[in-house]
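Have a look at the structure below, then the notes.
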Amino acid sequence: MFSRYKKPQGTKPAADAGKPADLKPVKTGAAPTAAPAATPAKNLMKPQRAAAQPVVMDKEKKRKERLAEIKLELHSRLLDNLNLSALENATESDLRAEINEIATEALNEMSIVLNREERSHLNQELYDEVTGLGPLEPLLKDEGINDILVNGPQQIFVERDGKLMQSDITFKDERHLLRIIDKIVSAVGRRVDESNPYVDARLADGSRFNAMVPPVAVDGSLVSIRKFKKEKLSIDKLVDFGAFTEEMAAYLQAAVSTRLNVIVSGGTGSGKTTTLNALSSFIDDAERILTIEDTAELQLQQTHVGRMESRPANVEGKGAVSQRDCLKNALRMRPDRIIVGETRGEEVIDMLQAMNTGHDGSMTTIHANSARDAVSRLENMVAMAGIEMPIKAIRSQIASAVNLIVQANRLQDGSRRMVSITEVTGMEGDVISMQEVFRFQRVGLTPDNKILGHFTATGVRSHYSERFRLWGYDLPSSIFEPMAAE
Ligand SMILES: Nc1ncnc2c1ncn2[C@@H]1O[C@H](COP(=O)(O)OP(=O)(O)OP(=O)(O)O)[C@@H](O)[C@H]1O
Ligand SMILES: [Mg+2]
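Sequential numbering of the sequence shown, starting at 14, is according to my numbering.
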């Protein structure tokens, strides 16, 4: 556990010490001083083209196609011959033996000889098909894969090491793909068809699943899976991966421990949930935390955690429980902190209210490309929720609710970094004032298209320095010194 600047035990601050209202305004200078001007190194190299793919031999391709046909044939025979209702009680070894027997018989009948490797592959695929999610199964088991994206039966993309690449795994046809989708959604009591063409669900292993079927999905069903990782990336791991520095981690530890309200902002798949989860590790174990998500992904390490998951309406359009419903209810459940997985709609009102009324130290994520953008998104969400309030009033609500905006980004080389940490410092006239405290400074690109850059403090003194000090977090001033220009 990250603990470089953890306060010494037993130095609890006075009950109210350090609440924003108690703090003397800290003069921080008008604008953050710019980080060392960086002249992006000229990238003289054009992005390299991928090496020419070895030409797949015709013979090999034909054999593969033939194997796919055999698999399909065998699969339908399996379904005919296996007693599906007895499957649930069969042990794995019984089932494997049964599958092997049926496959051997069928292959003999078709006079097909497979080598050992092909045979064991085939048996595994048939097993996956009968018990699991067919072609998706090996991808789900592959620890190195983060995301699985299916664009119709013939195209499956996976994200590995931050890079999207096409897998050579396919479904036989749209019917096959639909059958697997149906298997997933019916297991959670949902239905997907022409009248309900899209669905969110959670797989048995906790992975987040979304599917959209034709005709809304034009070229075949679309499936997106965000794999659930049991081992969440810890602060230490994220520092090791270069997502942010130890100094930034120390700052974030102080921010979370002293109950600043934090918003993690970022684009899709930029690492927002991962960051939120890692930040939550700084929360004291004695606190009661309530989490609210559309799909439960967060995995908090604390003892006292209540988890809520919103629910869409059922087929008759009834029984929906929105994030807002959960949040309203959460406020009656005596939480110390509330964590909302992603604020995307009308729950923003209750989130801001919670942050403003005693549930400080609350956190959420928001889909936005910069700290400024995150604030505009909040404004828009409030306006869309139908609250008739002058813009200045909305802004001042936001300014007093939100203390910190952490910007996550997936850079073009696939790396995920915390590109900015920005403090919300109040209002200046009609405008919310903010100051960036840390940023990732890009300086160029390596010949193999990896991003070159470094993290640096911007040189501004934290607006919350006094609060940190009062709560026992004496961050060395060196943390806030910008990195010398190279
Ligand atoms: N710094 C990192 N280094 C390597 N992998 C990371 C890093 N941060 C996140 N990931 C991985 O990237 C994937 C996406 O992360 P995450 O779910 O946190 O993104 P998100 O912004 O919440 O996405 P969404 O917008 O879909 O909710 C996950 O599989 C996660 O394990
Ligand atoms: Mg997320």
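Think of the CB as a built atom: it goes at the ideal place given N, C-alpha and C, for glycine as much as any other residue.
Near residue i, which residues of its chain fall below 6 Å by C-beta distance, leaving aside the five closest residues on each side in sequence?
i	result
Arg215	Thr308
Lys463	Asp426
Arg324	Val334
Asn159	Glu172, Lys240
Ala63	Residue placement at Ala63 cannot be trusted, given a pLDDT of 44 that sits under 50; the coordinates are not used to answer.
Ile115	Leu91, Asn94
Arg482	none
Asp443	Lys405
Glu82	none
Val198	Val205, Val212, Ala214
Val304	With the sequence shown as reference, residue 304 is identified as Thr, and Val is not the correct amino acid for it. Excluding residues within five positions, the ones whose Cβ falls inside 6 Å are Leu311, Arg320, Ile352.
Arg221	Arg239, Thr308
Is residue i helix, strand or coil by DSSP?
i	result
Thr378	strand
Lys59	Below a pLDDT of 50, predicted positions are generally treated as unreliable, and Lys59, at 37, falls in that range; the measurement from the model is reported next regardless. Of the three classes helix, strand and coil, the one that applies to Lys59 here is coil, per DSSP.
Met368	helix
His467	strand
Met123	coil
Ile351	strand
Ile182	coil
Glu300	coil
Ala406	helix
Arg488	In the sequence as presented, Arg is not what sits at residue 488; that position holds Leu. Leu488: coil per DSSP, three-state reduction.
Val163	strand
Ser133	helix
Phe257	coil
Glu329	coil
Glu244	coil
Ala214	strand
Arg430	strand
Measure how close the beta-carbons of residue i and residue j come, nearest whole angstrom, since I'm counting them as under 8 Å.
i	j	result
Val226	Leu191	7 Å
Glu300	Gly354	Actually they are not in contact, since the Cβ atoms of Glu300 and Gly354 sit about 18 Å apart, beyond 8 Å.
Val395	Val361	6 Å
Arg429	Ser283	6 Å
Val456	Ala470	Their Cβ separation, rounded to whole angstroms, is 16 Å, which puts Val456 and Ala470 out of contact at 8 Å.
Ala267	Tyr486	4 Å
Asp218	Leu153	7 Å
So is residue i buried or exposed if we call it buried at 16+ other beta carbons inside 10 Å?
i	result
Leu87	buried
Leu177	exposed
Ala200	exposed
Asn121	exposed
Thr356	buried
Arg345	exposed
Met376	buried
Tyr211	exposed
Arg480	buried
Ser490	exposed
Gln123	The sequence shown places Met at residue 123, not Gln. Classification for Met123: exposed.
Pro348	buried
Lys72	exposed
Asn128	exposed
Lys75	exposed
Val328	exposed
Gln314	exposed
Pro60	Caution is warranted here: a pLDDT of 40 is assigned to Pro60, below 50, making its placement in the model unreliable, and no coordinate value can be reported.
Less than 8 Å between C-beta atoms, sequence neighbours within five positions excluded: which residues of the same chain meet that for residue i?
i	result
Ala406	none
Glu392	Ile404, Ile407, Arg408, Ile411
Asn164	Phe170, Asp232, Gly233, Leu235
Tyr264	Ile434, Val450, Phe451, Ser475, Leu488, Ile492
Lys341	Asp363
Thr281	His380
Report the option in the options whose CA atom is closest to the CA atom of residue i.
i	options	result
Thr286	Glu114, Thr378, Leu127	Thr378
Asp298	Leu289, Ser270, Leu458, Met321	Ser270
Asn223	Thr288, Val231, Ile194, Lys245	Ile194
Thr370	Arg76, Asn274, Leu162	Asn274
Ala398	Glu359, Val432, Leu424	Glu359
Ser383	Lys196, Leu417, Gln366, Ile400	Leu417
Glu322	Met440, Arg337, Gln315, Gly330	Arg337
Leu85	Thr459, Thr183, Glu111, Ala497	Thr183
Asp174	Arg423, Arg350, Thr459, Ala110	Arg423
His134	Pro166, Leu80, Gln314	Leu80
Gly148	Asp181, Arg390, Val126	Sequence inspection shows Pro at residue 148; the Gly mentioned does not correspond to that position. Nearest C-alpha to Pro148: Asp181.
Ala367	Ser413, Val388, Gly330, Ala387	Ser413
Glu111	Gly202, Gln137, Glu130, Ile276	Gln137
Gln179	Pro228, Glu187, Gln167, Arg221	Gln167
Glu150	Asp141, Gly157, Glu156	Asp141
Here's a check: name, in chain order, each residue in its chain whose Cβ is nearer than 7 Å to the Cβ of residue i, leaving out the five neighbours to either side.
i	result
His317	Glu300, Arg301, Ile302
Arg272	Asp373, Gly374
Gly466	Phe453, Gln454, Arg455, Val456
Against chain B, with Cβ distances strictly below 7 Å, would residue i count as a contact?
i	result
Asp232	Of the protein chains in this structure there is only one, and it is not chain B.
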